[in-house]
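Residue 30 in numbering that gives the first Met the number 0 sits at position 31 of the sequence shown; the count goes up by one each step and never skips. Built from N, CA and C at the ideal position, the CB exists for glycine as well. One structure below.
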Amino acid sequence: MASSNTNDDGSFFTKPHWQAVGAVAAIVGLLLTYAIYKWQNGEEEVRRTPVEQKQKINNGNCNVQGERNNVECGSMPAGIKRVIAELDGNASFIFVGSPSELPTPPPYPADRAIGHCPFWHDWMATEPRVYALSASNTMYLQAGSRDVLSIIKTSVTVTERRKMASEYILIRCQYGAGGEHGTEVVTDTRTGTSEVVDLNTGREAKMPPFVLNLKDMETSSALLRIEGQPGYLYTGSWTASLLFNGEPAMKTLGMSDKVSSFRWLGSDESGPDMEVIFDAPAYDWDLEKKQWVRVYNAPPNGVWQ
Numbered sequence: 000m001a002s003s004n005t006n007d008d009g010s011f012f013t014k015p016h017w018q019a020v021g022a023v024a025a026i027v028g029l030l031l032t033y034a035i036y037k038w039q040n041g042e043e044e045v046r047r048t049p050v051e052q053k054q055k056i057n058n059g060n061c062n063v064q065g066e067r068n069n070v071e072c073g074s075m076p077a078g079i080k081r082v083i084a085e086l087d088g089n090a091s092f093i094f095v096g097s098p099s100e101l102p103t104p105p106p107y108p109a110d111r112a113i114g115h116c117p118f119w120h121d122w123m124a125t126e127p128r129v130y131a132l133s134a135s136n137t138m139y140l141q142a143g144s145r146d147v148l149s150i151i152k153t154s155v156t157v158t159e160r161r162k163m164a165s166e167y168i169l170i171r172c173q174y175g176a177g178g179e180h181g182t183e184v185v186t187d188t189r190t191g192t193s194e195v196v197d198l199n200t201g202r203e204a205k206m207p208p209f210v211l212n213l214k215d216m217e218t219s220s221a222l223l224r225i226e227g228q229p230g231y232l233y234t235g236s237w238t239a240s241l242l243f244n245g246e247p248a249m250k251t252l253g254m255s256d257k258v259s260s261f262r263w264l265g266s267d268e269s270g271p272d273m274e275v276i277f278d279a280p281a282y283d284w285d286l287e288k289k290q291w292v293r294v295y296n297a298p299p300n301g302v303w304q
């Protein structure tokens, strides 16, 4: 289905969770800087987006399309790899099909049985029948960097939307709770709008004109997520327009920044449909048996490491 520049069932270029496993202790979060200080004190920072100013955007993947985002692709700003965007809030994924149809996944380290989703994100991003339960990414800067990052907006292009499949199972790869965040950037495909929300104060601001400024060496991270029509499976692309150390840049969001296409289950502000999560059987890959096995609340063989 071709994309369009409409709302939910087509494509509206809108302005808009990193599994808490293993490396959490090594990652220093992000703290809102002067923009949030001003925001919490009743002031909003107004700035035109680079696209609105018709500036050249540095986009390593060059996957932004559409009339509302007429973007020229250029070279990546130096150090842009220090900006990390990872899928968050997904302990399980939807697989449209039966257990016997599950493809063989890549291996994961035995000591990561309790949380191996990150080892599968690139793989799942290329599997057309796998959908994220939660369309959410955490964005942060590589630990120790002194960069300054501004999130100008996020954009969602919906290329397909269809009713939730009648036959599906879950792929589970995370056991235990995830992390928490202090700030969200929410993109609503139904309205073509986005806003930034301070979860500590409840304060909201529309993007643009509001710009979210982040920098390393502090204590909180930014959660980017999509809201849409519950009960539908979406396919499309999701990107973030950024200023990295003052230079315009683009970051691919979704399951993997190596794959521009993203598939997810639509949900509103209440989050993923709990019936989908609890009613479907879940499967995980058993490293010893080298096969998919049914799991409940523990990894294959009940091994917690």
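Extent of the continuous beta strand (DSSP E) to which M254 belongs: Neither: M254 is in no beta strand (DSSP E) and is coded neither H nor E.
Residue range of the alpha helix (DSSP H) that includes I150: No alpha helix (DSSP H) contains I150, which is instead part of the beta strand (DSSP E) from 147-162.
Residue nearest to P117 in terms of C-alpha spacing, selected from F209, K288, L101, T137: T137
Spatial neighbours of S255 in its chain, beta-carbon cut-off 7 Å, leaving aside the 5 residues before and after: H120, D121, A124
Proximity winner among V294, A297, D285, W291, relative to P108 (alpha-carbon distances): D285
Three-state secondary structure (DSSP) of M138: strand
Cross-strand partners of V275 (DSSP beta bridge): V275 pairs with nothing; no bridge assigned.
Opposing strand residues paired with D121 [DSSP bridges]: D121 is not bridged to any residue.
Contact check, Y139 vs I225, beta carbons under 7 Å: no
Helix, strand or coil at S99 according to DSSP, with G and I counted as helix: helix
Coarse secondary structure for P108, derived from DSSP in three states: coil
Straight-line Cα distance separating F261 from L86: 11 Å
E324 versus A204: straight-line alpha-carbon distance, rounded: Given that the chain is displayed from residue 0 to residue 304, the structure contains no residue 324 and the question cannot be resolved.
Separation of L148 from N40, as counted between CA atoms: Because the pLDDT at N40 is just 41, under 50, the model does not fix this residue reliably, and the value given afterwards should be weighed accordingly. If I take the Cα positions, the gap works out to 21 Å.
Segment limits, beta strand (DSSP E) that includes G265: It is not in any beta strand (DSSP E) - G265 carries neither H nor E in the DSSP assignment.
Residue(s) in a DSSP beta bridge with A281: L169, V294
Residues that S193 bridges to, as DSSP identifies them: T186
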